[in-house]
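Q: Chains as they are written, first to last, in our numbering: chain W, 2 to 329; chain Y, 2 to 329; chain Z, 2 to 329; chain C, 2 to 329. Sharing a structure here in structure tokens format.
4 protein chains.
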Amino acid sequence: MEPNIRNIAVLTSGGDAPGMNACIRAVVRTGIYHGKNMFGVMQGYQGLINNHIIPMNARSVSNILHLGGTILKTARCLEFKEDEGMEKAFKNLKEKEIDGLIVIGGDGTFTGAQRFGKKYGVNVMGIPGTIDNDLYGSDFTLGYDTAVNTIIEAIDKIRDTADSHDRLFFIEVMGRDSGCIALRTAVASGAEAVLLPEKETSLKDLIIKLKEGVNTKKSSSIVIVSEGNKYGGAWDIAKSVKRKFNHYDTKVTILGHLQRGGSPSGFDRILGSRLGFAAVNEMLKGATMQMVGLRGNEIKLTSLDVALHMHSYKLEDDLLEMTKVLSI
Amino acid sequence: MEPNIRNIAVLTSGGDAPGMNACIRAVVRTGIYHGKNMFGVMQGYQGLINNHIIPMNARSVSNILHLGGTILKTARCLEFKEDEGMEKAFKNLKEKEIDGLIVIGGDGTFTGAQRFGKKYGVNVMGIPGTIDNDLYGSDFTLGYDTAVNTIIEAIDKIRDTADSHDRLFFIEVMGRDSGCIALRTAVASGAEAVLLPEKETSLKDLIIKLKEGVNTKKSSSIVIVSEGNKYGGAWDIAKSVKRKFNHYDTKVTILGHLQRGGSPSGFDRILGSRLGFAAVNEMLKGATMQMVGLRGNEIKLTSLDVALHMHSYKLEDDLLEMTKVLSI
Amino acid sequence: MEPNIRNIAVLTSGGDAPGMNACIRAVVRTGIYHGKNMFGVMQGYQGLINNHIIPMNARSVSNILHLGGTILKTARCLEFKEDEGMEKAFKNLKEKEIDGLIVIGGDGTFTGAQRFGKKYGVNVMGIPGTIDNDLYGSDFTLGYDTAVNTIIEAIDKIRDTADSHDRLFFIEVMGRDSGCIALRTAVASGAEAVLLPEKETSLKDLIIKLKEGVNTKKSSSIVIVSEGNKYGGAWDIAKSVKRKFNHYDTKVTILGHLQRGGSPSGFDRILGSRLGFAAVNEMLKGATMQMVGLRGNEIKLTSLDVALHMHSYKLEDDLLEMTKVLSI
Amino acid sequence: MEPNIRNIAVLTSGGDAPGMNACIRAVVRTGIYHGKNMFGVMQGYQGLINNHIIPMNARSVSNILHLGGTILKTARCLEFKEDEGMEKAFKNLKEKEIDGLIVIGGDGTFTGAQRFGKKYGVNVMGIPGTIDNDLYGSDFTLGYDTAVNTIIEAIDKIRDTADSHDRLFFIEVMGRDSGCIALRTAVASGAEAVLLPEKETSLKDLIIKLKEGVNTKKSSSIVIVSEGNKYGGAWDIAKSVKRKFNHYDTKVTILGHLQRGGSPSGFDRILGSRLGFAAVNEMLKGATMQMVGLRGNEIKLTSLDVALHMHSYKLEDDLLEMTKVLSI
């Protein structure tokens, strides 16, 4: 039987990701299309607790599809991990008769949503929004594709100056636990090597690889370093390499927070729109405690339980092999 | 048993697409990595016939990963459809002892490759390279993702001026037989309506939709028109609409050939690299008369026969529905 | 003696141009900084007549610096050319006690402002905002620099596909009366030729030039056509050329309205900010009936009278010469 | 009397800058147009010493106009500061009968050129190519405009995430001795404050400014820090501020070498083309020991002596004032 949901709230939580606004727009307009009252919660779970919940109409989400960041803002919220915080949040929802909650974020966000849904029986749907692409149940998370484009555009610029000066660059990209961004951007930028959190690369092998580049007359070399790499950040690695290999002038760039921003790519706008559209439709058909995700070219549901307990991204074997073969 | 292939040639044929250079680089370097001699054929099949075939080494494909177009150039070639043309092409390959041929292009390209491979027993592999995303056996063709990004960046710019002037814009995008580009860019740009070659949309419905936008106080409206639309191009449709609906100042933009160019997106660079890498590896393991494609997150083979005879892209139901629901 | 101005309104009129929002922000915040009440007029002079005038504070112009278009919208307004329209406009300003009016636009905008200022004694300042760069008294008009960047990015993309196919492209850019955009983008994109409204170029000479390119083995050729060219638009010229020169496959692209949009360049953001800042400061010091402009690296005033009656942009001799010399 | 120059060499030296390739193209093609033999020197002065000097024709500089970096590469060269190094360089030029030398770079480059020209009577022309915009005699140096655009695009992205999280960002940009880049990008990005090498800003004032932003409900704040600032780099300043002002979550980004790269803006392509064109033309008319520069909209000569001894860029008063007024 379909639930009788009348009022739905949406929030973004955790790190912001490009495409979140496209997704918020889709959630709000799909709800309105079905005659529901829609609400936006500011600053993620903090706004639930602080009762910072605002009514939204179709015009509230005009002209946001193409903007980076999130108009609902986001925050990490310790208070929501406590019973007292959850209680306040529930009280606020109840007061406004909100019976559906859609959360956009990563696994921290889903953990909160799952506990909250279980405890209070609120209908809850999760949408994978994080640039890290590290959630089980969706081939891609919202924001990841844009982040890859942002990073390779930065590396293309750095390659210009690296080539002009015969330099070796160490470039640190995001991905504390997952090497997905590092591996993909290494392939996409033609990097000479990549250091990943999941994989031990000996400094010795790295130096051998760089020396091969010298022998084959490469005019510059670029090494992508995932921030979670075992040898420390890009600065530490650069220092260690420099001690033993000093053919090039060595430079370091930490790309930092610009990786999170920017107008979402077509891929992320479409993904955000599809996921937001599906999350509302599925909720109205009775789904709860589920994550919507993209698998192949189809939108599929995965229970939050499963999404949270399965290991997510596995480094693709062909991509790993390619980082060696294609940079000869 | 693995074939004893020593010399491999690669060509691009049909319309050019961003990511072709990334793919050429992957083909050449993967071959060299395995100790093969690699050749580039200029201007597609025309170069095979004219014996415009040049040896390539690892440095021949340096610094091309990020460039649009194709360094091997491309052309449509009627002569290769004739027996005489094919005969010349084979003679040239034989002379150079080239026993493997990798072609990057669309269905016209594959038709030629298949006939050629069958007739002369040359090992042939196909790589789907076309912005149209209309080939069976691969969720995405090379260049499509970049084209979508290029188009939505152009539409974002047009939206600026449309909003500032309360205008109605008709924007024509590529896709003579397939509405894939039009449908996806319509969702990604928040277009108010889209006209597709696969689907009859009555002008009456379109005008109703536009009037709704006026009622809900939209300050501008954008209609995406696929070049293959039944009502003719964007100019004809704009004229027909204007006769019956004249609320806004009406403008037309034909995006044209800029849709084909530009530095490939991360997605297309990775896709081109994976497909080129796989095409060589599979050929060396014995595959022939196959297309390499991406399905889900994996590289899969499809025989050229099947790829050419199956209907390819089907408009996604949720995307079609979304063009109505999300632009309220 | 300094005038006692308390309430200032700002409007944008004519074609929109990137950087107008940066300029509106500067006007509003500079006024507020000096303790004035600030107002925005919607849709240019039409909003003056329709009394669509809204109070603005510092937050009204938050997060607009980087956006294309104009948040105040713009329109062409015939009614303001009539005495009756002006009378209504003045009545509305008087009612709100607005004693200063700042207009951002081109020469049509300034003509209206000048008549209005003279007739009613309202303090009026003009800011040159148009992508055409055709106003006397400012080396650059707001939006022109961004438009050049937008156009060359489009041409770079077209060059990719032109090179890949050995094609001849005719690309039509904006500039009905002034060849400034065409000449500059021709130099900046390395076009083989350019057709300008100010200058007769014989088709014969154009064809000679294109043939030279064939002789020197150019793989593609690009001709920039200003929309105001004497031979008609790019389509007509392409047709005429094709009749007598058919070495390449010939294509035409009309860039159209995407030339007006997009996030303003650094140059236009700074220019818009400086001009808006200066317009308010100068008005408060007593200036009226003046245009603020950039000359060299300094902000200078020119009376609207002079700005409107002097011939503006003159094609630079060295740039004209360079279109011949540098494309050999 | 015009000198009888037959062979001209061009080199790039110091840090690379976008637009150098456009300039090299203009130098080479202008020389060829006048019937001269043209040469490119690799790696700046080092290539003069090492006799790494290659003949160039019109096709050598095809398709480089739009590329960042420099195809001639660049390096800092200590050896050229010694008499012995200069002697070798001259010997190599003499051997090839090169009687004109055009150098593209900053003041270090010009110092070398001037000494070399004086000592050996070689005809020498300088072109200002550095992103720092710190040379007397030209309103703009080559690469500066592109660098500003690159930086503000990065800051726009960071603003997305700063706004979403209510954060305070310190962003370090290039400019060890000159605050030109920092000041301009601060205005162009709407930064809340800027720290410049030329100007003492007390931490106390900075904190007052940031607190005002909190009071006026700014959702994020961005402080631009020039790398040459007296308080140390962005990290040090962030730490000092954090100790006394902890309203926002504080983050730091060092933009680093991506500021040097990227496809040149229209402005820099035109500037590079004009300067290269003028340098050759003026040399052929007899000029030597001069720098070509842009003043207003005209190309002017300044003797290298004067260019090297005059103080260059002075922070514009209106821009300084605007950083306070416009970010309220």
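Cβ coordinates follow ideal geometry from the N, Cα and C atoms, glycine included.
1. From the beta carbon of Leu285/Z, is the nearest beta carbon of chain C less than 7 Å away?
2. Of all the options Phe111/Y, Gln291/Y, Glu98/Y, which has the alpha carbon lying nearest to the alpha carbon of Thr303/Y?
3. Is the CB of Gly41/W under 7 Å away from at least one CB in chain C?
4. CB Asp17/C to CB Gly101/C, shorter than 7 Å?
5. Consider the Cβ of Lys219/Y: report whether some Cβ of chain Z lies at a distance smaller than 7 Å.
6. Quick check: what's the CA-CA separation for Ala192/C versus Ser328/C?
7. Enumerate in chain order the residues of its own chain whose CB-to-CB distance from Thr31/Y is below 6 Å, with the five nearest sequence positions on each side excluded.
8. Would you please verify whether the beta carbon of Leu316/C is less than 7 Å from any beta carbon of chain Z?
9. Identify which residue in His166/Y, Ala187/Y, Asp164/Y, Glu83/Y has its Cα closest to the Cα of Glu173/Y.
10. Does the distance between the C-beta of Asp206/W and the nearest non-hydrogen atom of the ligand MG fall short of 6 Å?
11. Taking the alpha helix (DSSP H) that Ile72/W falls in, what are its first and last residues?
12. Just the chain C side, please: which residues come within less than 8 Å of Ile33/Z by C-beta, in chain order?
13. Assuming contact is defined by CB atoms lying nearer than 7 Å, are Pro198/Y and Gly229/Y in contact in what I supplied?
14. Quick one: using the 10 Å Cβ neighbour count with 16 as the cut-off for buried, is His166/C buried or exposed?
15. Does DSSP put Val174/Z in a helix, a strand or coil?
16. Say whether the region 21 to 41 of chain Z touches the region 242 to 252 of chain Z, bearing in mind that this needs 3 or more beta-carbon pairs closer than 8 Å, one atom from each stretch.
17. To the nearest angstrom, how far is the alpha carbon of Gly124/Z from that of Ile9/Z?
18. So what's Asp167/C in DSSP terms, helix, strand or just coil?
19. Just to confirm the assignment, what range does the beta strand (DSSP E) spanning Ala222/Y have?
20. Run the CB neighbour count on Val326/Y, radius 10 Å, all protein chains shown included, and call it buried at 16 or more, exposed below.
21. When we look at the beta-carbon of His258/Y and count the other beta-carbons within 10 Å, is it buried (16 or more) or exposed?
22. Just checking my contact of Gly295/C with Phe141/C at CB under 8 Å: how many whole Å lie between their CB atoms?
23. For the region 244 to 263 of chain W, which residues have a beta carbon sitting closer than 7 Å to at least one beta carbon of chain C?
24. How about Asp146/C and Ser179/C: do their beta carbons lie closer than 7 Å?
25. Please list, in chain order, the chain Y residues whose beta carbon lies closer than 8 Å to that of Asp17/Z.
26. Tell me which residues share the same chain as Gly262/C and place their Cβ nearer than 6 Å to its Cβ, disregarding the 5 neighbours each side in the sequence.
27. Starting from Thr75/W, find everything on chain C with Cβ-Cβ shorter than 8 Å and list it in chain order.
28. Which runs of the beta strand (DSSP E), 3 residues or longer, sit entirely within the region 178 to 258 of chain Z?
29. If you measure between the beta carbons of Val104/Y and Thr112/Y, is that distance less than 7 Å?
30. Taking Cβ-Cβ distances shorter than 7 Å, what residues in chain Y pair up with Leu66/W?
31. Which value, in whole angstroms, describes the spacing of the CA atoms of Leu267/Y and Ser274/Y?
32. Quick check: what's the CA-CA separation for Pro4/Z versus Glu80/Z?
33. Exposed or buried, which one is Ser203/W when buried takes at least 16 other CB atoms within 10 Å?
34. Give a yes or no on whether the minimum CB-CB distance between Ala239/Z and chain Y is below 7 Å.
35. Determine the burial state of Asn150/W: buried for a count of at least 16 other Cβ atoms within 10 Å of its Cβ, exposed for fewer.
36. Going by the DSSP bridge assignment, what does Ser63/Z pair with across the sheet?
A: On the basis of the supplied data:
1. No, no contact with chain C.
2. Gln291/Y
3. no
4. no
5. No, its Cβ sits nowhere closer than 7 Å to a Cβ of chain Z.
6. 7 Å
7. Excluding positions up to five away in sequence, the list reads Phe278, Val281.
8. False, the Cβ-Cβ gap to chain Z never drops below 7 Å.
9. Ala187/Y
10. Among the ligands in the structure shown, none appear at all, so the ligand MG cannot be discussed.
11. Annotation: Ile72/W is outside any alpha helix (DSSP H) and is labelled neither H nor E by DSSP.
12. Ile329
13. Cβ distance < 7 Å, so Pro198/Y and Gly229/Y count as in contact.
14. It is buried - the Cβ of His166/C has at least 16 other Cβ atoms within 10 Å.
15. strand
16. no
17. Reading off the sequence shown, one finds Asn at residue 124/Z, where the question assumed Gly. About 9 Å.
18. Correct three-state label for Asp167/C: coil.
19. A quick correction: the sequence has Ser, not Ala, at residue 222/Y. Per DSSP, Ser222/Y belongs to the beta strand (DSSP E) from 222 to 227.
20. buried
21. buried
22. For clarity, residue 295/C is Leu in the given sequence; the question names Gly instead. Correct: roughly 6 Å between the Cβ atoms.
23. Lys252, Thr254, Ile255, Gly257, His258, Leu259, Arg261, Gly262, Gly263
24. no
25. Asp161, Thr162, Ser165, His166
26. Gly69
27. Ser165, His166
28. 194 to 196, 222 to 227, 250 to 255
29. no
30. Going along chain Y in sequence order, the residues near Leu66/W (Cβ under 7 Å) are Gly191.
31. One detail in the question is off: residue 267/Y reads as Gly in this sequence, not Leu. Rounded to the nearest angstrom, the two C-alpha atoms are 11 Å apart.
32. 30 Å
33. exposed
34. no
35. buried
36. DSSP lists no partner for Ser63/Z.
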